[in-house]
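Residue numbers for the sequence shown, in the working numbering: 1 to 194.
Beta carbons are placed, not taken as given, at the ideal position from N, Cα and C, and that holds for glycine.
It should be emphasised that the depicted structure is a prediction, and the values quoted were computed from it without experimental measurement.
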Amino acid sequence: MFCDMDRKDKLVPLKKKSEDGHLDDIIPVGMQNFNFEQKKFALRVMDYIEVVFKSANFYHEVTNTYMSQRQGHSYEEIYKMIVDGASNFDSVEDDVLKIFVELYDGKSGTLGFTSMSSGKIYTNRKYFERCLVNDWPYAICGHWVHELAHAHGFYHKFWKKRQSVPYMYGKIAKRLAQRHHNGETLTPLHQPPH
């Protein structure tokens with residue numbers, strides 16, 4: 001099932017999480033300021049996020065890598081929060097990962113940011129276009145996973161940001177997505193952790 005890519009306010013979900021608890025597909029709830037080619041690329045990025053999130057590689061790396069500023073959460077709790085879709089701006093835990101993305105025209109040195117009040121991810125159009133032209137969906141994958149961690153309430157202080165949850169999740173996701181991009185098969189996560 002596809003979605004209506006011409007609507008600016010929100011997109012119809014592609015697929016849902018299956019009844020057995022496995023993440024079936026990433027649900028793009030909203031894309032704003034995307035042209036047709038950018039939307040196609042964004043859907044590819046979401047496919048990469050799905051492959052990464054459904055891999056045992058991702059689960060094992062994020063639950064066994066040191067991360068600072070966890071706000072009292074265990075590695076397992078953080079994984080469940082981010083992968084299952086619960087967030088600080090969505091009071092209903094519906095086990096659907098939500099991604100709200102808007103392209104904006106900003107300075108070239110900034111990849112993007114997250115609105116903590118809405119959970120919307122803002123991605124710099126110049127950065128997105130550079131990744132699209134060079135066929136780097138894994139780079140946007142890492143950026144969006146980093147921003148998803150922010151949307152779930154995780155932050156980083158300047159002096160420890162490189163080891164924070166957003167940076168580590170983004171870094172791990174980008175590395176695994178790049179392996180997938182290069183043709184490597186990631187190990188499927190057969191049983192989701194509870």
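Residue i: first and last residue of the uninterrupted beta strand (DSSP E) it sits in
| i | result |
| --- | --- |
| Thr187 | Neither: Thr187 is in no beta strand (DSSP E) and is coded neither H nor E. |
| Phe154 | Unbroken run through Phe154: none, as it is neither H nor E. |
In DSSP terms, what residue i is bridged to
| i | result |
| --- | --- |
| Thr114 | Ile121 |
| Ser68 | Ser164 |
DSSP three-state assignment for residue i, whether helix, strand or coil
| i | result |
| --- | --- |
| Gly170 | helix |
| Tyr104 | strand |
| Asp84 | helix |
| His73 | coil |
| Gly142 | helix |
| Gln178 | helix |
Nonlocal neighbours in the same chain, by C-beta distance under 6 Å from residue i, ignoring five residues either side
| i | result |
| --- | --- |
| Gly142 | Gly170, Ala173, Lys174 |
| His181 | Tyr138 |
| Ser164 | Ser68, Gln69, His156 |
| Gly106 | Asn124 |
| His150 | Thr114, Pro166 |
| Phe154 | Val165, Pro166 |
| Met81 | His152 |
Neighbourhood of residue i by C-beta, 7 Å cutoff - its chain only, sequence neighbours within 5 removed
| i | result |
| --- | --- |
| Glu147 | Gly112, Thr114, Ile121 |
| Thr63 | Tyr75, Glu76, Tyr79 |
| Phe128 | Gln38, Leu103, Ile140 |
| Phe34 | Ala42, Leu103 |
| Val51 | His180, Leu186 |
Terminal residues of the alpha helix (DSSP H) in which residue i lies
| i | result |
| --- | --- |
| Met46 | 36-53 |
| Asn57 | 56-63 |
Proximal residues to residue i (C-beta, below 8 Å), its chain only, five neighbours per side dropped
| i | result |
| --- | --- |
| His190 | Ala56 |
| Glu61 | Ile172, Leu176 |
The segment 35-47 in contact with the segment 156-176 per 3-pair CB rule at 8 Å: Put simply, the segment 35-47 does not touch the segment 156-176. Fewer than three CB pairs are less than 8 Å apart.
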